[in-house]
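Peer 1: Mind having a look at this structure? Questions to follow.
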Amino acid sequence: MLIISELYGYLDRNNQVLIEAVYHKATNFIEDRAIVSDGTRFRVINKRNETITYLDIDSATDFVEGFALIAKEGKFGYIALDGSMACPPQYPGASGYSEGKAIVSIQSGFGVIDTSGLLIIPFQYERLGSFKDNLAPFKAYGKKYGYINPTNDVVIEGAWDEAYEFSEKLAIVQSNDKYGVINSDGNVQVPPRYKYLSSFSEGLAVFQRNGKYGYINRDGEIVIDPIYKDAEPFGTNIAPVKVGGLWGFIDRSGSIILEPQFSYATRFGDEIAIVYLGNTIGHLDSNCEIHYYPQYLSVNPFLDGVARFQSK
Numbered sequence: 010m011l012i013i014s015e016l017y018g019y020l021d022r023n024n025q026v027l028i029e030a031v032y033h034k035a036t037n038f039i040e041d042r043a044i045v046s047d048g049t050r051f052r053v054i055n056k057r058n059e060t061i062t063y064l065d066i067d068s069a070t071d072f073v074e075g076f077a078l079i080a081k082e083g084k085f086g087y088i089a090l091d092g093s094m095a096c097p098p099q100y101p102g103a104s105g106y107s108e109g110k111a112i113v114s115i116q117s118g119f120g121v122i123d124t125s126g127l128l129i130i131p132f133q134y135e136r137l138g139s140f141k142d143n144l145a146p147f148k149a150y151g152k153k154y155g156y157i158n159p160t161n162d163v164v165i166e167g168a169w170d171e172a173y174e175f176s177e178k179l180a181i182v183q184s185n186d187k188y189g190v191i192n193s194d195g196n197v198q199v200p201p202r203y204k205y206l207s208s209f210s211e212g213l214a215v216f217q218r219n220g221k222y223g224y225i226n227r228d229g230e231i232v233i234d235p236i237y238k239d240a241e242p243f244g245t246n247i248a249p250v251k252v253g254g255l256w257g258f259i260d261r262s263g264s265i266i267l268e269p270q271f272s273y274a275t276r277f278g279d280e281i282a283i284v285y286l287g288n289t290i291g292h293l294d295s296n297c298e299i300h301y302y303p304q305y306l307s308v309n310p311f312l313d314g315v316a317r318f319q320s321k
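Residue numbers (the working numbering): 10 to 321.
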């Protein structure tokens, strides 16, 4: 006998069940659209659980910038919010849209398409990241990482062993297994000297020194000493840190505002952080108020006024 459990449904802002847990797969709602599967076929629905259209696909991601990344028989493509096929599944590799462009790949390399599916940068790169602040990290074959703009001009020459997407006009780069920071002009803002360095969020980045984590500012100055077993970036001026075996939260001065008590905690996103008290999931808001959901296996942050949950 087949026992079906751990199905997905949706909650409204009042934590009432908006759509019952009947779906085997489900994305988050974005602009009143989600992609779900009942185990037999995929479809696009609205918040009233009405079917917009059926889809002949194997998997899908959340809608981003009006498009969802879909897969069919190992190939990737994109659909629009109304479920229409914006770009048929044809690429062995693909990313979600960012700044109106998506990274796609074939055997010969990585390139870029626009929202109409038109190839605007040819498949010429060994590696290519998403555009942020109009710059994307690239690696030409046999070369080091640099950055290109949307017209495929090299803006920052290849000089790095690894390079990551820009955030808050700064990007993390790696040289000789150490991480540093450059600005959008390619100038070194923080020399590569850290074993680990996160992207900047709210002007601060997590760094690691001697196995402990702390925070630096945009100039590379240590603003919170590395005293934590683990740490995540700031959001709404609050960050999760691990002390011993438990997670708590600090403010920008490094003061504890929520004592370590959680088995796991995430950074803030969409004004909510996910926390676990033992195996019980909860939502922590920016006022440090927690709503627990003991009846559910997982509850995502609210997006578009709706939170996806997974039944136990």
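C-beta: ideal position from N, C-alpha, C; glycine also.
P235 to E29, Cα distance in whole Å?
Peer 2: Cα-Cα distance, rounded: 45 angstroms.
Peer 1: Suppose you measure from the CA of V252 to the CA of K238; what does that come to, to the nearest Å?
Peer 2: Approximately 6 angstroms, taken between the alpha carbons.
Peer 1: Taking the DSSP output, what are the residues bridged to H33?
Peer 2: DSSP, once it has assigned bridges, lists no residue as partnering H33.
Peer 1: Could you give the distance in angstroms between the alpha-carbon of Y63 and the alpha-carbon of G75?
Peer 2: Between Y63 and G75, the C-alpha separation is close to 17 angstroms.
Peer 1: Between the C-alpha atoms of D41 and I79, what's the straight-line distance to the nearest angstrom?
Peer 2: Each residue's Cα considered, the two are about 18 angstroms apart.
Peer 1: Please name the residue in D67, L27, N24 whose C-alpha comes closest to that of I44.
Peer 2: When each option's Cα is compared against that of I44, the closest is D67.
Peer 1: On the premise that V215 lies in contact with A240, defined as a C-beta separation below 8 angstroms, what is that separation, rounded to the nearest angstrom?
Peer 2: Between V215 and A240 the Cβ distance is about 5 angstroms, and since that is below 8 angstroms, they are a contact.
Peer 1: Taking the runs of the beta strand (DSSP E) that are 3 residues or longer, which of them lie wholly in the segment 161-242?
Peer 2: Listed in chain order, the complete beta strand (DSSP E) runs (minimum 3 residues) inside the segment 161-242 are 163-169, 179-184, 187-192, 197-203, 213-218, 221-226, 231-237.
Peer 1: From what residue to what residue does the beta strand (DSSP E) around C297 run?
Peer 2: Neither: C297 is in no beta strand (DSSP E) and is coded neither H nor E.
Peer 1: Pick helix, strand or coil for Q25, following the three-state DSSP scheme.
Peer 2: Correct three-state label for Q25: coil.
Peer 1: Report the option in F243, F175, E135 whose CA atom is closest to the CA atom of D142.
Peer 2: With distances taken between Cα atoms, D142 lies closest to F175.
Peer 1: Identify, in the order they occur along the chain, each residue of the same chain with its Cβ nearer than 7 angstroms to the Cβ of K56, setting aside the five sequence neighbours on each side.
Peer 2: Excluding sequence neighbours, K56 sits near L27, F38, D41, V315.
Peer 1: Which residue comes first and which comes last in the beta strand (DSSP E) that contains T269?
Peer 2: The question names Thr, but residue 269 in the sequence shown is Pro. Segment 265-271, the beta strand (DSSP E) holding P269.
Peer 1: When you compare only the Cα positions, how much space is there between V31 and D47?
Peer 2: Roughly 7 angstroms separates the two Cα atoms.
Peer 1: Hey, how far is the Cα of N226 from the Cα of E211?
Peer 2: Going by the C-alpha atoms only, they are around 9 angstroms apart.
Peer 1: Taking V73 as the reference, which of R317, D313, Q319, P97 has the closest Cα?
Peer 2: V73 has its Cα closest to that of D313, out of R317, D313, Q319, P97.
Peer 1: Between Y302 and G291, how many whole angstroms is the CB-CB distance? I'm expecting something under 8 angstroms.
Peer 2: Their Cβ separation, rounded to whole angstroms, is 7 angstroms, which keeps Y302 and G291 in contact under 8 angstroms.
Peer 1: Who are the Cβ neighbours of I52 in its own chain at under 7 angstroms, not counting the five residues just before and after it?
Peer 2: It is Arg, not Ile, that sits at residue 52 in the sequence shown. For R52, where only same-chain residues beyond five positions count, the Cβ hits under 7 angstroms are V45, T60, T62, Y63, L64.
Peer 1: Under 7 angstroms Cβ to Cβ from S325, same chain only, skipping five residues before and after it: list those, please.
Peer 2: Beyond the ends of the chain as shown, which are 10 and 321, falls residue 325; an answer cannot be given.
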